[in-house]
Every structure is written in structure tokens, then in C-alpha cells.
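**Student:** Heads up: the sequence shown at position 120 corresponds to 258 in the working numbering, and the numbers run straight through without jumps.
Yeah, the Cβ is synthetic: ideal placement off N, Cα and C, and Gly gets one too.
Predicted, not measured: the structure shown is a model, and the values here were computed from it.
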Amino acid sequence: VHAGVTEDGPRVALYGCQRRTPLAHSNQALTDALETLAEEAGFGGSEGRSLAFTRAASVLKSLPGPLTSLGELSPLPCIGEHSRKVIQEVLEDGVSVEVERVKLSERYRTMKLFTKIFGVGVKTAIRWYQEGLRTLADLQERHTELTREQQAGLQHYTDLNTPVERSEADTIERLVQEAVWQFLPDASVMLTGGFRRGKQQGHDVDFLITHPQEDKEVGLLSKVIRWLDSQGFILYQHSQRNTYQLPGDPELLSSGGGSSMDRFERCFSILRLARLTQDKDLPPGSGAQGICTQGGCGAARGWKAVRVDLVVAPFSQFPFALLGWTGSRHFERELRRFAKHKRKMILNSHALYDMAQQMFLPAASEEEIFQHLGLEYVPPTERNA
Ligand code: CTP
Ligand code: MN
Ligand code: MN
Ligand code: MN
């Protein structure tokens, strides 16, 4: 029995949500190469090609061991001709000429530079590239044309592209809890996103907040933000109110669950976090220990800017929100695609709708959502598709 094959045929299921994908896997060189091409295709506006490379990479991530020969690819799903060629090159030569060329290309490098700015998506980066902009200094010159978000992103570029450590996420969790519990002691604050999937580093820290008594959570976020701001923790924030219409937003349903944007009350922020090496210099015992305030160590630059996402979900939608905000992005995409095509159901971060029965399927846990979908439960640490 070699990688990916059992006596019954291919072990690797077609959809990413039908597979277990741990964080650490045995084919990093191959998936890095394929994901570079996925990214490059996305930069060129080829969403379909990008998805094809992402799917191929995701299949390799779920293999129990290293792929050693091309023959092992034949029972695997989602490996197109182009991906196969790249895999062959990396297996034989250690690198793919095409991937190396992409990584050195001016467009790829510039697009990477620009899309790593908070608030800059592929479309904006393409436009800037086409206008001849190439460096962050070029953007600084056009400062006035940038959004407030992009200005903050540029200002904190280095910090925001320095990985957030797990210990920093834990410190921020305690701060968010301190803020939330002042106003709602029975609220729950959950770390979601990559850290819930077991990552030791992230590009940001994601939280989901709820309260067992529905409606208690209304208005909470603005109080939390105001308190954090008064304590000097907020470098940037953009809040949105809840715009979800119960029972079942017609627009969310008609979009077929394809849109990953939900309607929860949320705040995309940049917080000021004290560098953990300075922890010993701070007075112990405070819940906010390790976080720096404006008057404190800012001048000495003993702090670091960290992206934090806060999302508030009503209790009855919490399992859907948790599932939706845990990721990975590709796992989410596959869940929704599976629901739609295999089950005629629409899944989003608010609800699950059964089109045949024309009814919403409530759930009290993530497990119940997997049950409704007829999927084996996949724990968060195995959702790194
Ligand atoms: N998400 C979402 N709506 C957004 C942004 C994110 O539903 N506007 C979801 C994504 O689908 C993902 C999760 O929130 O499942 C976390 O997204 P993100 O923080 O971008 O990625 P992580 O998986 O946490 O990885 P990273 O370490 O890069 O933050
Ligand atoms: Mn091709
Ligand atoms: Mn995240
Ligand atoms: Mn996030």
C-alpha cells in the first residue's frame, strides 16, 4: 500500500471537507510550488486556474506520506495536467523552472509586496501595477489617494508582516476577554481562524464572541472598542453593524452561499501589543499584562502592531459562525461547494438551508452541521485543507 491508495482504490476523497488535512504534512516542497502558481494565476485574474492549483496542493496536503513517484498521482483527484508537470519537475529536479521564473518576475514580486498591505486586494494591486507603481515608496507619494485602512496598512507594514506568535495571540485573548467581560460577564470569547486549527503563527488573531442569552450581545462590540481605545490599544479599527436579516437573508440565499462575506457585527482592527520580551518589565497580575498603552512603551518602540478581527454572533448562529471563521479558506470553500452540489443545501456563516425541504436546519454545535451535511466530523486541527 503506497501513499493515497488502499485496496479499495483512491483513499483521497474529492472534496477538501471529506478529508483530514493536518497542519504538518509530508509534501511541502510540492505544495509550495503549486501554491505559488495558484497565487500567480490569481494575480493574473485567472480564478479558475488559481483554484485548480489550490485544489491540487490541497490533495497533496492530505496524503499520509511523501509522494515519491509520478505513478502515485494516478488515483488522486484534482491533479490536472499542468499540476502534474510541476510535480514531476519538483520530484526530479527539486525545483520547477516555471515556479522559479514566476518568483523572480517583476509582476509577481510587486503584487506580493502590494497585497501584503492591509486593505489591499488583488484588484487594487493590479491597478497600481498597471499604473507603473512598484515600491512602497511609490505608494507613499500617493498617500492621499489611499483609503484610511491602506494608510494604516502601509504605516504598520513591517509589523503586520511579522508573524503573530501563539503566545501573542493568547495575550490578546486575555485582553479581549477582560474588555468583553466588563460589560457581559457571561459572554464567551473564542479564538478562531488559524490558531484554532493549531497554527503556531498567524497573520492576525481572529475572535468570535457570543452570549447564551440571545440579544444580550447587541451593542457589546462598540463598548468593547471604546474601552480598548480609551486604554490606548487601538491603532486602527473599522466596525460594521450586523446586517443579517432573519429568518434567512434573501440575498445571502440567492448568492448560493458562494460569497464568503458574512453579515455579523464585526471589527477589523490593528492593536498595539507590547513585545513579549518586555513582559518582565511590566507589573504582573493585570489581565492586560503584556499589552502596551499609548503613554507607556510606545516611544521606545517596545510595541508591535497586530491585526485582530472581532466578530459577534447571536447564539443560535454561533456554530455556523465558528465553522465559518475557523477556516481554512479552502476548507470553507469546499464545504460550501459540497453542500451545494452534493446535498442541495446552502451553507454560510449564519445558517444551513436545505433547498429540497425548503427549510433551515438548526445546529447547536459544529458536529451537528457536519451531521446535517452527511459528512464525517473533521476537527479544527484537520481542517488545514
Ligand atoms: N473569514 C470570513 N470573512 C472575512 C474574513 C475571513 O469569513 N471577511 C474567514 C475565512 O474564511 C477563514 C477565517 O475567517 O476561514 C480566518 O481567516 P483569516 O484570518 O484570513 O485566515 P487564517 O486561516 O486565520 O490564517 P492567518 O494565520 O493567515 O490569519
Ligand atoms: Mn495549464
Ligand atoms: Mn487569521
Ligand atoms: Mn482574520
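Alpha carbon to alpha carbon, how far is GLY291 from ILE255?
**Tutor:** About 5 Å.
**Student:** If you reduce the DSSP assignment to three classes, tell me which class PHE508 lands in.
**Tutor:** Three-state result, PHE508: helix.
**Student:** Note down, one range per segment and in chain order, each alpha helix (DSSP H) of at least 4 residues found wholly within the segment 284-346.
**Tutor:** Runs found: 286-293, 295-298, 304-321 and 331-334.
**Student:** State buried or exposed for GLN207, treating a residue as buried only when at least 16 other CB atoms are found within 10 Å of its CB.
**Tutor:** Per the sequence presented here, residue 207 reads as Ser, with Gln not at that position. Exposed, because fewer than 16 other Cβ atoms sit within 10 Å of the Cβ of SER207.
**Student:** Work out the CA separation of LYS361 and HIS349 for me, nearest whole Å.
**Tutor:** Those two C-alpha atoms are separated by around 15 Å.
**Student:** How would you call ARG286, buried or exposed, if buried means at least 16 neighbouring beta carbons within 10 angstroms?
**Tutor:** By the 10 Å Cβ count, ARG286 comes out exposed.
**Student:** Just grab the DSSP bridge partners of MET249 for me.
**Tutor:** MET249 pairs with nothing; no bridge assigned.
**Student:** Nearest to ILE507 by CA position, among GLY462, GLU520, HIS479 and ARG272, is which residue?
**Tutor:** Nearest of GLY462, GLU520, HIS479 and ARG272 to ILE507, Cα basis: GLY462.
**Student:** Measuring alpha carbon to alpha carbon, tell me which residue in LEU473, PHE181, GLN315 and GLU352 is nearest SER243.
**Tutor:** The option with the nearest alpha carbon to SER243 is PHE181.
**Student:** CB PHE469 to CB ARG521, shorter than 8 Å?
**Tutor:** Cβ atoms of PHE469 and ARG521: closer than 8 Å.
**Student:** CA-CA distance, GLU269 and GLN289?
**Tutor:** Looking at the two C-alpha atoms, the distance is approximately 19 Å.
**Student:** In chain order, what are the residue ranges of uninterrupted beta strand (DSSP E) at least 3 long that sit wholly in the segment 448-501?
**Tutor:** Segments of the beta strand (DSSP E) lying fully in the segment 448-501: 483-485 and 490-492.
**Student:** Quick check on HIS140: does DSSP put it in helix, strand or coil?
**Tutor:** Any reading at HIS140 must be qualified, since the residue scores a pLDDT of 42, below 50, and its modelled position is unreliable; the value itself is stated next. Correct three-state label for HIS140: coil.
**Student:** Can the beta-carbon of VAL318 be found closer than 8 Å to that of ILE347?
**Tutor:** Yes; because the gap between Cβ atoms is below 8 Å, this pair is in contact.
**Student:** Can you tell me whether DSSP reads ILE225 as helix, strand or coil?
**Tutor:** ILE225 falls in the helix class under three-state DSSP.
**Student:** For PRO457 and GLN509, what's the separation of their Cα atoms in angstroms?
**Tutor:** Those two C-alpha atoms are separated by around 13 Å.
**Student:** Tell me the residue span of the beta strand (DSSP E) that contains ARG410.
**Tutor:** Note, ARG410: beta strand (DSSP E), 403-412.
**Student:** So does GLY259 have its beta carbon nearer than 7 Å to some heavy atom of ligand 4?
**Tutor:** No, since every heavy atom of ligand 4 falls outside the 7 Å radius drawn around the Cβ of GLY259.
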